[in-house]
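Chemist: Chains as they are written, first to last, in the numbering used here: chain A, 2 to 312; chain B, 25 to 330.
Where is the CB? At the ideal position from N, CA and C, for every residue including glycine.
Here it is, the structure, as structure tokens.
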């Protein structure tokens, strides 16, 4: 039985290395990921969108020379033209230019906030779910406490203590996101830690840290992908600007619409699409459609798979 | 499990004390003086001093906290500094509205989000999957206040089918709950899709299929059941967020809920009201998280807490 299992696992390894066209894919994990990524059209589109977004944020001063905040009242509230693809706002400033400049801050905030959330939230969620008992109880009660505070109030208080500025904005929004990550990761770990291969790893004397990182984290990362805060957070500065227009200028609704929707669209669009390719995998249902998921998130699985989690 | 439940219920007390302590000192760190806000711009220093004395703000902070806690153990949340009404009455008047809106929005979101996620996971990269994905992107990226206003324009102003705002009948609930659900439904659909894709590709699904089970049973009993944990987590978290954070939607639809009450109280630095509202949020969160943890154990019997 065991030998048969091994054999079938071996065959699968062989098949895995052959693309549908029959060409050989290198053993190297990175090149294999790239080959898989290339076949996933959705991931490619997402990647291109995200790249365009990042590049335009990076090269904003080249794309839009001059001060994006400088008013130019003669051109106020213009409808979209070739020169101004999204029109101008009530002070005659280019809406596209302002979106692109805004996206620089948004991008920094999004990356920073999600990093803070991940760096603090994932280890706490892992420990809480894996060890259970008193540790879990303590961490979860602190999480309850933090969740009770609306993000708005928490951010206000943190900014009052730390002072204003980009860094403090990132820290305060990031900290208010931490409980959410803790809950998400813990939920997945609770069920993954009961899997046979975790028990097996424990039985052969693997250290907790290694079990947590190699066996649980990579496996749980498939289900506990981070919520799309990237998109949402980065929209926030755009929102304030649009809300301001909203209440003041009803006639400017079309231009406001373009402003907010395109900001949201680009961010929210690009992020999930790339995330798709990172976290989702459909090896059996759609052979060509896996992004980086298999090779990166379950590196050791096939080796264990030969014996333990196949049958 | 009973022991665990009792422990969890008992732990409510220290958590609430923790919240009150943190909150009490946090509020006093915020810039802005409640006495100044109440007295107005034209007040003399003497008037401000009088109000500060009335509110007890001239005493040392630990003494203020002791007084507050001694009232709290008698379940007295104090009086609003702004309206002079008992805090508990104002919260009590708005709590049913908030609960109604949240429950309807979350129910709508689950009713549409979970099936949409399942369909797009079962037929990945088909036209229906793309439709769900694009709708989900719309739902996530549209600002709620903008969507709310558009719904008002279409359904209340042009078509005149539904009221534009306020409360009173079941028709009043529709627009705000749809607005709130739009984001949550997108979130749930995406989460369901990605976790279902994961479980559908696992060996136990293949085993279930090869046993000759119908596709429906494979999808619902084997794949969905194993994909539920993160979905439940997200639903629970969103439930909590909506209970406390629907300020924009409540503003657009003139909906008298807790989010708006809290926002106004923070703007006015109405300490007793903020403290009362957040304690209630704390209680609701503790309850929601407890229910979520119990559902975990129900959905996945391997999960034990003892």
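Closest by CA to residue 178 of chain A, which one among A:104, A:108 and A:115?
Modeler: Position 177 of the first chain holds residue 178 of chain A. Looking at the Cα atoms, A:115 is the closest of the given residues.
Chemist: For residue 285 of chain A and residue 225 of chain B, what's the separation of their Cα atoms in angstroms?
Modeler: As a first step, residue 285 of chain A is located in the first chain; it is residue number 284 there, counting from the start. As a first step, residue 225 of chain B is located in the second chain; it is residue number 201 there, counting from the start. The pLDDT assigned to residue 285 of chain A is 35, lower than 50, so where the model puts this residue is not dependable; a value taken from the coordinates is nonetheless given after this. Going by the C-alpha atoms only, they are around 6 Å apart.
Chemist: Check whether the region 65-72 of chain B and the region 160-170 of chain A touch, using three or more Cβ-Cβ pairs below 8 Å as the test.
Modeler: Touching, no, given that fewer than three Cβ pairs across the two stretches are closer than 8 Å.
Chemist: Provide the residue(s) that pair with residue 110 of chain B in DSSP beta bridges, ordered along the chain.
Modeler: Here residue 110 of chain B corresponds to residue number 86 of the second chain, with the count starting at 1. Its beta-bridge partners are B:103.
Chemist: CB-CB under 7 Å to residue 301 of chain B, same chain, minus the five flanking residues each way: which ones, in chain order?
Modeler: Working through the second chain from its first residue, we reach residue 301 of chain B at position 277. Correct list, in chain order: 115, 282, 285, 286 and 289.
Chemist: Less than 8 Å between the beta carbons of residue 154 of chain B and residue 253 of chain B, yes or no?
Modeler: As a first step, residue 154 of chain B must be located in the second chain, where it is residue number 130. As a first step, residue 253 of chain B must be located in the second chain, where it is residue number 229. No. Outside cutoff.
Chemist: Return the chain-ordered ranges of every alpha helix (DSSP H) run that is complete within the region 122-164 of chain B and spans a minimum of 4 residues.
Modeler: Those alpha helix (DSSP H) runs which fall completely within the region 122-164 of chain B and span 4+ residues do not exist here.
Chemist: Around the Cβ of residue 138 of chain B, are there at least 16 other Cβ atoms within 10 angstroms (buried) or fewer (exposed)?
Modeler: One-based indexing of the second chain puts residue 138 of chain B at position 114. Looking at its Cβ environment, which holds 16 or more other Cβ atoms inside 10 Å, residue 138 of chain B is buried.
Chemist: Taking the runs of the alpha helix (DSSP H) that are 4 residues or longer, which of them lie wholly in the region 56-127 of chain A?
Modeler: Those alpha helix (DSSP H) runs which fall completely within the region 56-127 of chain A and span 4+ residues are 61-64.
Chemist: Closer than 8 Å, CB to CB, is residue 263 of chain B near chain A or not?
Modeler: Your numbering for residue 263 of chain B matches position 239 in the second chain. So no, residue 263 of chain B is outside the interface.
Chemist: Quick check on DSSP: helix, strand or coil for residue 290 of chain A?
Modeler: Counted from its first residue, the first chain places residue 290 of chain A at position 289. Legend: pLDDT at residue 290 of chain A = 35, less than 50; position of this residue unreliable, value from coordinates given subsequently. Correct three-state label for residue 290 of chain A: coil.
Chemist: For a test of the three-state rule: what should DSSP assign to residue 81 of chain B, helix, strand or coil?
Modeler: For the purposes of this step, residue 81 of chain B is identified with residue 57 of the second chain, where counting begins at 1. Coil, per DSSP.
Chemist: Buried or exposed for residue 222 of chain B, please, with buried defined as at least 16 other CB atoms from any protein chain shown within 10 angstroms of its CB.
Modeler: By one-based count along the second chain, residue 222 of chain B stands at place 198. So residue 222 of chain B ends up on the buried side.
Chemist: For the alpha helix (DSSP H) that contains residue 42 of chain B, what are its first and last residues?
Modeler: Residue mapping note: residue 42 of chain B aligns to position 18 of the second chain, counting from 1. First-last of the alpha helix (DSSP H) with residue 42 of chain B: 36-53.
Chemist: Cα separation between residue 97 of chain B and residue 298 of chain B?
Modeler: Mapped onto the second chain, residue 97 of chain B falls at position 73. Mapped onto the second chain, residue 298 of chain B falls at position 274. Each residue's Cα considered, the two are about 17 Å apart.
Chemist: Could you list which residues in chain A have their beta carbon closer than 8 Å to that of residue 54 of chain B, in chain order?
Modeler: Taking the second chain and counting its residues from 1, one reaches residue 54 of chain B at position 30. The contacting residues are 157, 158 and 161.
Chemist: What are the residues of the region 304-323 of chain B that lie near chain A, defined by any Cβ-Cβ distance shorter than 7 Å?
Modeler: Cβ contacts with chain A: 305, 306, 309, 310, 313 and 320.
Chemist: With DSSP collapsed to three states, give me the class of residue 56 of chain B.
Modeler: Position 32 of the second chain, counted from the first residue, corresponds to residue 56 of chain B. Residue 56 of chain B falls in the coil class under three-state DSSP.
Chemist: Quick one: what's got a C-beta closer than 7 Å to residue 72 of chain A's C-beta in the same chain, skipping five residues either side?
Modeler: Here residue 72 of chain A refers to the residue found at position 71 when the first chain is read from its first residue. Here the set comprises 92, 93 and 94.
Chemist: Give a yes or no on whether the minimum CB-CB distance between residue 35 of chain B and chain A is below 8 Å.
Modeler: Here residue 35 of chain B is taken as the residue at index 11 of the second chain, counted from 1. Residue 35 of chain B counts as touching chain A.
Chemist: For residue 156 of chain B, collect the residues of the same chain with a Cβ closer than 8 Å to its Cβ; drop the 5 residues on either side in sequence, then sort them by chain order.
Modeler: Taking the first residue of the second chain as position 1, residue 156 of chain B is located at position 132. Only 140, 141, 143, 144, 213 and 217 meet the Cβ criterion.
Chemist: Within the chosen definition, does the region 187-195 of chain B reach the region 261-278 of chain B through at least 3 CB pairs nearer than 8 Å?
Modeler: Flag = yes, the region 187-195 of chain B and the region 261-278 of chain B touch.
Chemist: Count the other CB atoms within 10 Å of the CB of residue 261 of chain B; is the residue buried (16 or more) or exposed (fewer)?
Modeler: Locating residue 261 of chain B in the second chain gives position 237, counting from the first residue. Residue 261 of chain B comes out buried.
Chemist: Are three or more beta carbon pairs between the region 142-159 of chain A and the region 303-312 of chain B nearer than 8 Å?
Modeler: Cβ pair count under 8 Å is three or more, so yes.
Chemist: What is the rounded straight-line gap between the Cα of residue 98 of chain A and the Cα of residue 65 of chain A?
Modeler: In the first chain, residue 98 of chain A corresponds to position 97, counting from 1. In the first chain, residue 65 of chain A corresponds to position 64, counting from 1. Going from the Cα of residue 98 of chain A to the Cα of residue 65 of chain A covers about 6 Å.
Chemist: Would you decide whether residue 163 of chain A is buried or exposed? Buried here means 16 or more other CB atoms lie within 10 Å of its CB.
Modeler: Looking up residue 163 of chain A in the first chain gives position 162. Looking at its Cβ environment, which holds fewer than 16 other Cβ atoms inside 10 Å, residue 163 of chain A is exposed.
Chemist: What is the DSSP secondary structure of residue 226 of chain B, counted as helix, strand or coil?
Modeler: Locating residue 226 of chain B in the second chain gives position 202, where the first residue counts as 1. Three-state DSSP puts residue 226 of chain B in coil, outside helix and strand.
Chemist: Among B:48, B:34, B:183 and B:168, which has the Cα closest to the Cα of residue 90 of chain B?
Modeler: The sequence position of residue 90 of chain B within the second chain is 66, counting from 1. The shortest C-alpha separation from residue 90 of chain B is found at B:48.
Chemist: For the structure I just gave you, are there three or more beta carbon pairs, one from the region 131-150 of chain A and one from the region 180-198 of chain A, closer than 8 Å?
Modeler: The region 131-150 of chain A, when compared against the region 180-198 of chain A, does touch it at the 8 Å Cβ threshold.
Chemist: Measure from the alpha carbon of residue 52 of chain A to the alpha carbon of each residue in A:32, A:108, A:156 and A:100, then state which is nearest.
Modeler: One-based indexing of the first chain puts residue 52 of chain A at position 51. Selected option, being the one with the closest Cα: A:108.
Chemist: Should residue 192 of chain A be flagged as near chain B, meaning a C-beta pair shorter than 8 Å?
Modeler: Taking the first residue of the first chain as position 1, residue 192 of chain A is located at position 191. Interface residue, yes.
Chemist: May I ask you to report which of helix, strand or coil DSSP gives residue 196 of chain A?
Modeler: Against the first chain, residue 196 of chain A aligns to sequence position 195. The answer is coil: DSSP assigns residue 196 of chain A none of H, G, I, E or B.
Chemist: So is residue 118 of chain B buried or exposed if we call it buried at 16+ other beta carbons inside 10 Å?
Modeler: Counting from one through the second chain, the residue named residue 118 of chain B turns up at place 94. Its Cβ being crowded by 16 or more others within 10 Å, residue 118 of chain B is buried.
Chemist: Which word fits residue 290 of chain A, buried or exposed, when buried means at least 16 other C-beta atoms lie within 10 angstroms of its C-beta?
Modeler: As a first step, residue 290 of chain A is located in the first chain; it is residue number 289 there, counting from the start. Note that residue 290 of chain A scores 35 on pLDDT, short of 50, meaning its location in the model is unreliable; the coordinates nonetheless yield the value given after this. With 16 or more other Cβ atoms within 10 Å, it is buried.
Chemist: Taking 8 Å as the CB-CB cut-off, is residue 58 of chain A touching chain B?
Modeler: Stepping through the first chain from its first residue, residue 58 of chain A is reached at position 57. Answer no: the Cβ-Cβ gap between residue 58 of chain A and chain B never drops below 8 Å.
Chemist: From residue 238 of chain A to residue 166 of chain A, what distance separates their C-alpha atoms?
Modeler: Here residue 238 of chain A refers to the residue found at position 237 when the first chain is read from its first residue. Here residue 166 of chain A refers to the residue found at position 165 when the first chain is read from its first residue. Its pLDDT being 36, under 50, residue 238 of chain A is placed unreliably by the model, and nothing is read from it.
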